[in-house]
Amino acid sequence: MYEKLKNLYFYKIFTFIFYAILMLSLFSIQGIPFAHAQGTNIGYEFGDLPVDARPSMIRAIQFRPSGILDNGTYFVVGHYDSEGSWGIGHLAAAVGTEPPAWETSVWFIVYSETIWQVALQGTSSFDSLLANLPPALKMEINPQTQNAASIQAATTFRFPWDKSQVWRYTYGWHGNTNLAVDFAPSNVAPGDMWILASAAGTVTRVCGGPNFDTNQVAINLTTPNGVMTYRHVDYNSWMAQNLEGKKVVQGQKLALLYNGTQGSGYRDISTPYPFEACVQGSSPSCIYIQFLTYCGSGSGAHVHWTLPTKPVTVDGWQIDGSGLWTQSGQPSRNVGASFNSTNSSSFLPSTFEDVPSDYWAWQYVERLYTASITGGCVLSPLQYCPDSTVTRAQMAIFLLKGIHGSSYAPPAVNGNTGFGDVAADYWAAAWIKQLAAEGITSGCGGGSYCPDSTVTRAQMAIFLLKAMNGSSYAPPAVGGSTGFTDVAADYWAAAFIKQLVAEGITAGCGNGGYCPDSDVTRAQMAVFLVNTFNLP
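Now the structure itself:
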């Protein structure tokens with residue numbers, strides 16, 4: 001009897017210890033501190049790491065060799081990216097109540113076949129997995145796996161913002177790969193600043209989203225010439241674009257710049273994520289956490305732009321490892337502290353020699369060129385001739401490309417154009433005939449088109465509104481006034497002029513006037529077309 005009781009007693013003790021260890025292990029997976037083999041209290045913040053991979057991550061941390069994140073008591077996963085069965089990211093460690101030290105973080109690789117494997121940088125298993133890692137992920141870990149010449153042609157990349165917006169350079173090479181630069185907006189509220197694709201490629205969300213401290217995310221753009229990452233962008237606008245895993249073209253909107261608050265503080269990691277605020281020292285699970293660790297933290301609204309290699313050429317400017325930005329024929333620019341107040345509009349090169357970045361219609365001309373609506377007026381050197389007037393022949397091409405897209409080509413003339421002054425072999429004959437076929441014009445009277453005559457601002461109002469709304473479009477009645485001192489209510493184009501303003505396409509020519517009988521210049525035409533067709 002005594003032996004049976006003794007055995008039962010030891011069985012109960014063994015069962016209690018077994019379940020106690022099991023429960024502690026389960027809690028540790030949720031991020032609650034527990035005593036590991038060395039007797040140190042450890043906590044975890046897993047970010048976007050798959051749930052099934054987390055126990056393997058814990059084992060990798062517990063049995064890491066000396067020299068890898070020594071003395072860490074709290075481990076944070078950040079910058080997680082994946083492709084198929086593979087994933088990579090950064091692992092940072094905090095000691096005591098200090099924030100995670102991202103500057104000393106290490107890479108990790110995860111791989112799922114039948115079981116999850118996790119390897120930390122600095123171990124032999126990491127090197128083995130690295131050899132089989134998909135190329136795009138491998139290049140994130142080691143961008144120099146390809147040389148700069150093979151990664152990028154000279155003018156592949158563009159700056160990731162609309163040229164109408166002014167940004168300032170705020171910080172040079174930094175980040176875990178030392179390939180990131182920071183830019184912040186200068187002339188528009190951060191919440192109105194769109195981040196644009198710097199090249200054609202495929203976009204995916206790296207990390208972040210509504211389940212984190214803020215709605216900040218990071219986006220990867222995978223291009224044939226390398227992978228780049230945009231951090232500190234807005235989750236809601238990213239989701240509204242519906243671009244996850246899709247191909248984008250250069251200049252396409254990706255997401256707005258993130259404009260939320262960023263900071264740090266004490267959180268009780270034994271509570272459900274995103275953890276309740278707590279007072280330092282109130283409990284062992286109350287620790288200091290740097291917010292936004294999943295996607296990188298920072299101060300103030302800015303885009304943290306990681307490039308695929310260095311040196312790299314962006315909009316004609318070479319960003320090299322020595323911290324200099326240079327462009328052929330222009331002075332070098334030092335990207336040190338003295339560069340912080342320099343606006344991007346002063347160093348972004350102009351496409352056309354005769355339209356510098358401080359020209360009043362520069363942004364519109366650039367957008368017209370980017371949309372392939374114009375190729376300029378002179379090829380060598382490339383010029384736009386902004387102050388030259390627009391002819392009715394040129395206008396036919398501008399309008400039809402605006403309506404149908406830059407690749408549009410009209411049908412062949414086949415016989416005659418329908419106008420007595422436009423021969424079938426006239427250089428713009430097909431465009432003029434198609435403009436008439438679409439009902440946007442019926443010519444200048446008497447069976448003629450007047451192809452070499454200039455276009456007035458009054459005529460342009462009619463052309464634009466019919467191009468935008470269809471040939472049968474008729475604007476609302478004028479009412480009492482057009483809003484312009486030089487356009488009477490009974491002027492022949494008054495209703496069209498007033499509606500053009502109502503559509504936000506023009507505000508007039510200044511001083512309360514519209515200048516209806518003035519000729520349209522090519523610069524003005526750029527503004528009209530960009531606003532009418534909402535060109536990016």
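Sequential numbering of the sequence shown, starting at 1, is according to this note's numbering. No residue lacks a Cβ here, since even glycine has one placed at the ideal position from N, Cα and C.
Legend entry - Closer than 8 Å to chain C by CB, W431: The chain labelled as chain C is not found in the depicted structure, where only one protein chain is given.
Legend entry - 6 Å Cβ shell around P516 - same chain, five flanking residues per side excluded: Apart from the 5 residues on each side of it in sequence, P516 sits with its Cβ closer than 6 Å to the Cβ of R457, A458, V487 in its chain, given in chain order.
Legend entry - Cα-Cα separation, A184 to F159: CA-to-CA, the gap between A184 and F159 works out to about 12 Å.
Legend entry - G226 versus I141, N259, N242, residue with shortest Cα-Cα distance: Of the candidates I141, N259, N242, the one whose C-alpha sits nearest the C-alpha of G226 is I141.
Legend entry - Pick from C278, L137, G72, Y258 that is closest to H304, judged by C-alpha positions: For H304, the nearest C-alpha among the options comes from Y258.
Legend entry - Segment limits, alpha helix (DSSP H) that includes L243: Careful: L243 lies outside any alpha helix (DSSP H) and carries neither H nor E.
Legend entry - Given F108 as reference, the closest of V478, A94, W362, L69 once Cα atoms are compared: Checked all of V478, A94, W362, L69; the closest Cα to F108 is L69.
Legend entry - Cβ-based neighbour list, V478, same chain, cut-off 6 Å, excluding 5 preceding and 5 following: These residues qualify, in order along the chain: A489, A494, A495, K498.
Inset, instruction - Compute the Euclidean distance between the alpha carbons of G78 and D182, then round it to the nearest angstrom. - result: Looking at the two C-alpha atoms, the distance is approximately 19 Å.
Inset, instruction - Report all residues from its chain with a CB closer than 8 Å to the CB of F398; omit the five preceding and five following residues, and keep chain order. - result: I373, T374, V390, M525, L529.
Legend entry - G512 versus V501, D519, T521, V520, residue with shortest Cα-Cα distance: Cα-wise, what sits closest to G512 is V501.
Inset, instruction - Confirm, please, whether the CB-CB distance from Q383 to E353 is below 8 Å. - result: Cβ atoms of E353 and Q383: closer than 8 Å.
Inset, instruction - Compute the distance between the beta-carbons of Y473 and L465, then report whether it is under 8 Å. - result: Yes, Cβ-Cβ distance for Y473 and L465 is below 8 Å.
Legend entry - Length at least 3, wholly inside the region 456-483: the beta strand (DSSP E) runs in chain order: Within the region 456-483, not a single complete beta strand (DSSP E) segment reaches 3 residues in length.
Legend entry - Residue environment, T177, which counts as buried when at least 16 other CB atoms sit within 10 Å: T177 is buried by the Cβ-count criterion.
Inset, instruction - Could you please give the first and the last residue of the uninterrupted alpha helix (DSSP H) stretch that includes H404? - result: Where H404 is concerned, the enclosing alpha helix (DSSP H) stretches over 392-404.
Legend entry - Assigned exposure category for H404 - 16 Cβ within 10 Å defines buried: Answer is exposed; the Cβ neighbour count stays below 16.
Inset, instruction - List the DSSP bridge partners of H304. - result: Checking the DSSP bridge columns, you'll see H304 partnered with D182, R231.
Inset, instruction - Within 10 angstroms of the Cβ of Y408, are there 16 or more other Cβ atoms? Answer buried if so, exposed if not. - result: Burial call: exposed.
Inset, instruction - Quick one: grab the DSSP three-state call for S328. - result: Because the pLDDT of S328 is 39, which lies under 50, any placement of that residue in the model is unreliable, and the number read from its coordinates should be weighed accordingly. DSSP places S328 in coil when its eight states are reduced to three.
Inset, instruction - Would you mind giving the Cβ-Cβ distance between A197 and Q241, rounded to the nearest angstrom? I have them listed as a contact below 8 Å. - result: So it is not a contact: roughly 11 Å between Cβ atoms.
Legend entry - N-terminal and C-terminal residue of the beta strand (DSSP E) that W194 is part of: In the DSSP annotation of this structure, the continuous segment of the beta strand (DSSP E) that includes W194 starts and ends at 194-196.
Legend entry - Nearest residue (CA-CA) to V378, options V355, Q363, A361: A check of alpha carbon separations from V378 across V355, Q363, A361 identifies V355 as the nearest.
Inset, instruction - Have a look at W116, F46, R205 and flag the residue whose alpha-carbon is nearest the alpha-carbon of L91. - result: Ranking the options by Cα distance to L91, first place goes to F46.
Legend entry - DSSP state of K498 mapped onto helix, strand, coil: Secondary structure at K498: helix, using DSSP grouped into helix, strand and coil.
Legend entry - Same chain, Cβ closer than 7 Å to S56, neighbours up to 5 away in sequence not counted: Excluding sequence positions up to five before and after S56, its CB lies within less than 7 Å of the CB of W116, Q117, V118, all in the same chain and listed in chain order.
Inset, instruction - Could you check if K401 is buried or exposed, using at least 16 other CB atoms within 10 Å of its CB as the buried criterion? - result: Flag for K401 reads buried.
Legend entry - Cβ shell of G418 (< 7 Å), same chain only, five flanking positions each side left out: Answer for G418: K433, A436, listed in chain order.
Inset, instruction - Following the continuous alpha helix (DSSP H) through S82, name the residue where it begins and the one where it ends. - result: It is not in any alpha helix (DSSP H) - S82 instead sits in the beta strand (DSSP E) that spans 74-83.
Inset, instruction - Give the single residue among A199, F157, T441, Y449 whose Cα lies nearest to the Cα of V314. - result: With distances taken between Cα atoms, V314 lies closest to F157.
Inset, instruction - Would you kindly check if the distance between the Cβ of G201 and the Cβ of T229 is under 8 Å? - result: At the C-beta level, T229 and G201 stay beyond 8 Å of one another.
Inset, instruction - Would you mind reading off the limits of the beta strand (DSSP E) that contains I219? - result: Run containing I219: 216-223, per the beta strand (DSSP E) assignment.
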